[in-house]
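As structure tokens, the structure follows; a few thoughts come after it.
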Amino acid sequence: MAPTLGYWNIRGVSAPIRYLLEYVGQPYEFKGYDLSNAQEWFGVKETLGFEFPNLPYLIDGDFKLTQGNAIIRYFARKHNLIATSEKDIIEQDVMDGVITEFLMAWVTVTYATPGKEEDLKRYRTENLTPMLQRFEKHLNNREYLVGNKLTYADFQFFERLDANIIMFPDLLKDFPNLKKFHDRIANLKGVKEFRASDRLPKSLNAGPKAKWNNV
Ligand SMILES: N[C@@H](CCC(=O)N[C@@H](CS)C(=O)NCC(=O)O)C(=O)O
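Numbers -14 to 200, taken from our numbering, label the letters of the sequence shown in order.
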């Protein structure tokens, strides 16, 4: 039976997992919970047998797990999209940390500020640009974030970039390496078709709780 990935019907933490699954062609069922009827999830949350119930969750046969990183790494191990040498594992661990910081900065500006133009401007100057400058340098003369092969970290970083491009359409104008990286991942087989389909949720954020992109 195909694994079931459960999440709100938004992109959020689920999108990178879905890019990876679509890229490798692994069949899965997406159980999208409706944020405008959050009881649909909270009503079953404690009944599904998870030790630490949350969204996203994954049910794959006997395996029941939560935490976005644990889920994406589970599939990355299965499909060889993970670092294997000590040198690359170290780089991958560092990427895990900085991509989480990137996500937290996004969560802060979209949920914990009024999301007004001046908030977005400050976020761009103080958080986003310095972060992107470092990634731009990291991607000099290389195609992927970790070692010289595609890993799950690329899907996670891609989603962060993509969300920020939706916020600032000119974001990558001074970042040629990031632009090439974004194009490279967006055009991967499976990812491209998924993103063009109506299966990719419209909303990036958790609906009305977010102050920006609260669709
Ligand atoms: N660290 C967790 C965060 C999970 C989380 O905060 N999930 C949010 C959506 S992004 C949620 O609404 N969870 C449902 C719940 O709290 O029951 C992960 O990465 O999976």
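Note that CB positions come from ideal geometry on N, CA and C, so glycine has one too.
When you compare only the Cα positions, how much space is there between Q52 and R107? 30 angstroms
Note down the Cα distance separating F160 from D104, rounded to an integer number of angstroms. 22 angstroms
Out of P186, F153, L6, state which residue places its alpha-carbon closest to the alpha-carbon of L113. F153
Given 8 angstroms as the limit, tell me if A68 has its C-beta closer than that to any heavy atom belonging to ligand 1. no
Beta carbon proximity, G82 to chain C, threshold 9 angstroms: Any reference to chain C falls outside this structure, which holds one protein chain only.
Just to confirm, does V34 get its C-beta within under 8 angstroms of one of the non-hydrogen atoms of ligand 1? In the sequence as displayed, the identity of residue 34 is Gly instead of Val. No, the Cβ of G34 stays beyond 8 angstroms of every heavy atom of ligand 1.
Assign T114 to one of three DSSP states: helix, strand, or coil. helix
Based on Cα-Cα distance, which residue from S70, T85, G17 lies nearest to S188? G17
Can you list, in chain order, the residues of its chain with a C-beta nearer than 6 angstroms to that of F140? Leave out the 5 residues immediately preceding and following it. P1, Y4, L5
Three-way DSSP call (helix, strand, coil) for K49 in this model: strand
For K174, name the three-state secondary structure that DSSP assigns. coil
For the pair the region 20 to 32 and the region -9 to -1, tell me if three or more CB-CB distances fall below 8 angstroms. yes
Residue closest to D168, alpha-carbon to alpha-carbon, out of V92, K101, I150: I150
Where T98 falls: helix, strand or coil (DSSP): coil
At a cut of 8 angstroms, does the region 131 to 145 reach the region 164 to 182 through at least three beta carbon pairs? yes
Extent of the continuous alpha helix (DSSP H) to which E144 belongs: 137 to 152
Please say whether L117 and L88 have beta carbons closer to each other than 9 angstroms? no
Among all residues, which have a Cβ less than 7 angstroms from at least one non-hydrogen atom of ligand 1, and in what chain order do they fall? W(-7), G(-3), V(-2), W26, F27, K30, P38, N39, L40, P41, T51, Q52, G53, N54, A191
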